[in-house]
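Undergrad: In the UniProt record's numbering, the protein residues as written are 1 to 285.
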Ligand SMILES: [Zn+2]
């Protein structure tokens, strides 16, 4: 948030402010995913799992490399907080670098990248039924990688000690602990910032504050992914429901989310599992 300035602008302030921005990471160097190859692999695929994430809870699910999965809206507008781990838990989704590479909100053709040192695509988004939304007049858009995940610590901080156990952070912790027989502390340490599936968010122009508004998602909408490596997913049906007003309480209307997993009859033409990043890791030493 920007406070009212205490300092006079320098004489050339306008000139400094009017410089055109430069894109931080020109992504032309990134290999483009061949979406038509991915999509043709859907012909003859077989649905191998059809799961439900209960409202205000999370679910862990396995997706082998080369399979597709869809997160679907099933009964009403509901936001989902998605974590991705490699199946051996050594790699986790890196929302900050994904944002730096692809922008604040993800859609068709974008990748979910793992952290260092592998920094490779964990999943590729192959279809987004909300792509029509674009960027609204408030600067809002869907499926962000700018938020974190609602958590009981921030809630406690902002509510003078309030205790709430169904924030996405805690939901994801419980789901991971159960899926991999980890202690709550072990699981919590692996939970990370999310892709906010179906959530509509942005930053206010005047103050730069993170905002949310009612998700435009409706039953039947989905976000589809191709698993580039063996994945363990964690998906929380956020206690904020459609995130039109608040989270971290039991007052918002909440709905389940669907997770569908598909096994294709053949791999996408030309697809190979992405290798780990090729940096030599000597760090100049
Ligand atoms: Zn949440």
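Each residue gets a CB set at the ideal place from its N, CA and C atoms; glycine is no exception.
(1) Which residue spans inside the stretch 163-243 form an unbroken beta strand (DSSP E) run of at least 3?
(2) Answer yes or no: do residue 236 and residue 181 have a C-beta to C-beta separation smaller than 7 Å?
(3) Just checking my contact of residue 224 with residue 274 at CB under 8 Å: how many whole Å lie between their CB atoms?
(4) Mapping the DSSP letters down to three states, classify residue 287 as helix, strand or coil.
(5) The beta strand (DSSP E) with residue 262 in it runs from where to where?
(6) Output the residue ranges of the beta strand (DSSP E) runs that lie fully inside the stretch 50-76 and measure 3 residues or longer, sorted by chain position.
(7) So what does DSSP say about residue 132, is it helix, strand or coil?
(8) Taking the straight line between their C-alpha atoms, what separation do you get for residue 184 and residue 218?
(9) Would you tell me roughly how many angstroms separate the C-alpha atoms of residue 268 and residue 55, rounded to the nearest one?
(10) Using C-beta distances below 6 Å, list every residue in its chain close to residue 244, excluding the 5 sequence neighbours before and after it, in chain order.
(11) So, helix, strand or coil for residue 80, using DSSP?
(12) If we call anything under 7 Å between Cβ atoms a contact, is residue 259 one with residue 51?
(13) Quick check: is any heavy atom of ligand 1 less than 6 Å from the C-beta of residue 144?
(14) Can you tell me where the alpha helix (DSSP H) holding residue 149 begins and where it ends?
(15) In terms of residues, what are the limits of the beta strand (DSSP E) holding residue 16?
(16) Can you tell me whether residue 24 is buried or exposed? The criterion is at least 16 other CB atoms within 10 Å of its CB, across all chains shown.
(17) Compute the Euclidean distance between the alpha carbons of residue 127 and residue 8, then round it to the nearest angstrom.
(18) Ends of the beta strand (DSSP E) at residue 4?
(19) Evaluate residue 205 with the Cβ neighbour count: other Cβ atoms within 10 Å of its Cβ, from every protein chain shown; 16 or more gives buried, anything less gives exposed.
(20) Nearest-angstrom Cα distance between residue 246 and residue 239?
(21) Please list the terminal residues of the continuous alpha helix (DSSP H) segment that includes residue 99.
(22) Would you call residue 13 buried or exposed, if buried means 16 or more other Cβ atoms sit within 10 Å of its Cβ?
(23) Residue 48 by DSSP, collapsed to three states: which one?
TA: According to the structure shown:
(1) Those beta strand (DSSP E) runs which fall completely within the stretch 163-243 and span 3+ residues are 195-203, 210-213, 222-227 and 231-237.
(2) Mapped onto the chain shown, residue 236 falls at position 236. Mapped onto the chain shown, residue 181 falls at position 181. No, the pair does not count as a contact, with Cβ atoms beyond the cut-off.
(3) Your numbering for residue 224 matches position 224 in the chain shown. Your numbering for residue 274 matches position 274 in the chain shown. About 18 Å separates the two Cβ atoms, so there is no contact after all.
(4) Since the first and last residues shown for the chain are 1 and 285, residue 287 lies out of range.
(5) Within the chain shown, numbered from 1, the residue matching residue 262 stands at position 262. Taken as a continuous stretch (DSSP letters only), the beta strand (DSSP E) holding residue 262 covers 257-263.
(6) If we require 3 residues or more, the beta strand (DSSP E) runs fully inside the stretch 50-76 come out as 58-63 and 68-73.
(7) Residue numbering aside, residue 132 sits at position 132 when the chain shown is read from its first letter. Correct three-state label for residue 132: helix.
(8) As a working note, residue 184 is residue 184 in the chain shown. As a working note, residue 218 is residue 218 in the chain shown. One C-alpha to the other measures close to 34 Å.
(9) In the chain shown, the residue the question calls residue 268 occupies position 268. In the chain shown, the residue the question calls residue 55 occupies position 55. Taking the straight line joining both Cα atoms gives about 34 Å.
(10) Locating residue 244 in the chain shown gives position 244, counting from the first residue. Here residue 244 has 214 as same chain residues with Cβ atoms under 6 Å from its own Cβ, once five neighbours each way along the sequence are excluded.
(11) By one-based count along the chain shown, residue 80 stands at place 80. In the structure shown, residue 80 sits in a strand (DSSP, three-state: E or B).
(12) As a first step, residue 259 must be located in the chain shown, where it is residue number 259. As a first step, residue 51 must be located in the chain shown, where it is residue number 51. Taking 7 Å as the Cβ cut-off, residue 259 and residue 51 qualify as a contacting pair.
(13) Along the chain shown, one-based indexing puts residue 144 at 144. No, Cβ of residue 144 sits at least 6 Å from all heavy atoms of ligand 1.
(14) Here residue 149 is taken as the residue at index 149 of the chain shown, counted from 1. Segment: none, residue 149 is in no alpha helix (DSSP H) and carries neither H nor E.
(15) Counted from its first residue, the chain shown places residue 16 at position 16. First-last for residue 16: 13-17, but that is the alpha helix (DSSP H), not the beta strand (DSSP E).
(16) The count along the chain shown starts at 1 and reaches residue 24 at position 24. By the neighbour-count criterion, in which 16 or more other beta carbons inside 10 Å mark a residue as buried, residue 24 falls on the exposed side.
(17) To locate residue 127, count along the chain shown from 1; it is residue 127. To locate residue 8, count along the chain shown from 1; it is residue 8. Their backbone Cα atoms lie some 49 Å apart in a straight line.
(18) What you label residue 4 is simply residue 4 of the chain shown in a count that begins at 1. Counting along the chain, residue 4 falls outside any beta strand (DSSP E), and DSSP gives it neither H nor E.
(19) Counted from its first residue, the chain shown places residue 205 at position 205. When all chains shown are included, residue 205 counts as exposed.
(20) The residue labelled residue 246 in the question sits at position 246 within the chain shown. The residue labelled residue 239 in the question sits at position 239 within the chain shown. When rounded, the distance between both Cα atoms is 9 Å.
(21) The residue given as residue 99 occupies position 99 in the chain shown. Element bounds for residue 99: 95-102.
(22) To locate residue 13, count along the chain shown from 1; it is residue 13. For residue 13, the number of other beta carbons within 10 angstroms of its own is below 16, and it is reported as exposed.
(23) The residue given as residue 48 occupies position 48 in the chain shown. Note: residue 48 maps to strand in three-state DSSP.
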